[in-house]
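Using this note's numbering, the letters of the sequence shown correspond one by one to residues 158 to 291. Ideal Cβ placement from N, Cα and C applies to all residues, glycine included. Only one structure is covered here, and it is reproduced in the block below.
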Amino acid sequence: MEILEQRTPRREALVRITPALTELVTAKGWRDGAMVVFCPHTTAGLTVNEDADPDVATDMVAILGRLVPRDPDYRHAEGNSDAHVKTTLVGPSLTLIVAGGRIQLGTWQGVYLCEWDGPRTRKIWVQWLGQGGE
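Below you can see the structure in the form of C-alpha cells.
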C-alpha cells in the first residue's frame with residue numbers, strides 16, 4: 158500500500174489530486190489493473206468530478222453546504238458534525254482503472270479530495286491491484 162499526504166487550504170475545499178495519483182502510477186511503473194484509493198478520515202472523502210472548470214468544485218462546496226449546514230443542534234457536539242455527514246454523502250473511496258500506465262478518466266474528469274473540516278494534512282491510501290511495477 159502507498160500513502161499520499163495532501164494539505165488542504167481551508168475548512169471546506171475540493172482539492173485536485175489527479176496529478177499526485179498520476180505521478181504515483183508513473184513512479185511505480187503500474188501498467189494494467191486498478192487502484193483502490195481510500196481516505197481514512199471521517200471528515201474528508203473522495204470524488205471524481207469535472208476538472209476543466211474550477212467553478213464546479215466551488216459549486217459542490219456551496220451546494221453541500223446548503224444541503225448539510227453547520228448547525229448547532231447536531232447531537233454530535235464537536236462542531237464538525239456537518240463534515241461527517243458530507244463525507245458520508247461523497248464517500249471515502251474510489252476504484253480507478255489503469256490501462257497502459259494511464260489512469261482512465263473521461264475527458265473532463267479529475268479526482269478530488271473533499272475536505273470538510275480543514276485545513277489539515279490528509280492521508281490518502283492507494284492499493285494497487287494489477288500488473289506491472291513494484
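Assign residue i to one of two classes, buried (16 or more other C-beta atoms within 10 Å of its C-beta) or exposed (fewer than that).
i: Met217; result: buried
i: Gly275; result: buried
i: Glu180; result: exposed
i: Thr244; result: buried
i: Arg279; result: buried
How far does the alpha helix (DSSP H) with residue i in it reach, from first residue to last?
i: Asp212; result: Asp212 to Leu224
i: Thr183; result: Thr175 to Lys185
i: Leu246; result: Ser238 to Val247
Taking the straight line between their C-alpha atoms, what separation do you get for residue i and residue j?
i: Ile281; j: Ala184; result: 17 Å
i: Gly257; j: Trp285; result: 14 Å
i: Glu159; j: Leu178; result: 10 Å
i: Val193; j: Thr252; result: 5 Å
i: Ala219; j: Glu169; result: 9 Å
i: Asp189; j: Thr215; result: 33 Å
Which whole-angstrom value is the C-beta distance of residue i and residue j, which I expect to be below 8 Å?
i: Val205; j: Gln163; result: Going by Cβ atoms, the distance from Val205 to Gln163 rounds to 16 Å, so no, they are not a contact pair.
i: Ala209; j: Ile254; result: Ala209 to Ile254, Cβ: 21 Å. No contact.
In terms of residues, what are the limits of the beta strand (DSSP E) holding residue i?
i: Leu251; result: Ser250 to Ala256
i: Ala201; result: Ala201 to Glu207
i: Ala191; result: Asp189 to Phe195
i: Tyr269; result: Gln266 to Glu272
i: Leu262; result: Counting along the chain, Leu262 falls outside any beta strand (DSSP E), and DSSP gives it neither H nor E.
i: Thr165; result: Where Thr165 is concerned, there is no enclosing beta strand (DSSP E), given that its DSSP letter is neither H nor E.
i: Asp290; result: Strictly speaking, residue 290 in this sequence is Gly, with Asp absent from that position. No beta strand (DSSP E) contains Gly290, which DSSP labels as neither H nor E.
Spatial neighbours of residue i within its chain, please: C-beta separation below 7 Å, excluding the five flanking residues on both sides.
i: Ile174; result: Gln163, Val268, Tyr269, Leu270 and Ile281
i: Phe195; result: Pro249, Ser250 and Trp282
i: Pro226; result: Asp239
i: Val182; result: Val255, Gly258 and Ile260
i: Val242; result: Val225
i: Arg277; result: Thr165
Which residues in the same chain have their Cβ closer than 6 Å to the Cβ of residue i, if we skip the five residues on either side of it in sequence?
i: Asn237; result: Thr200 and Asp274
i: Val247; result: Gly202, Thr204 and Cys271
i: Gly186; result: Gly289 and Gly290
i: Leu221; result: Lys243
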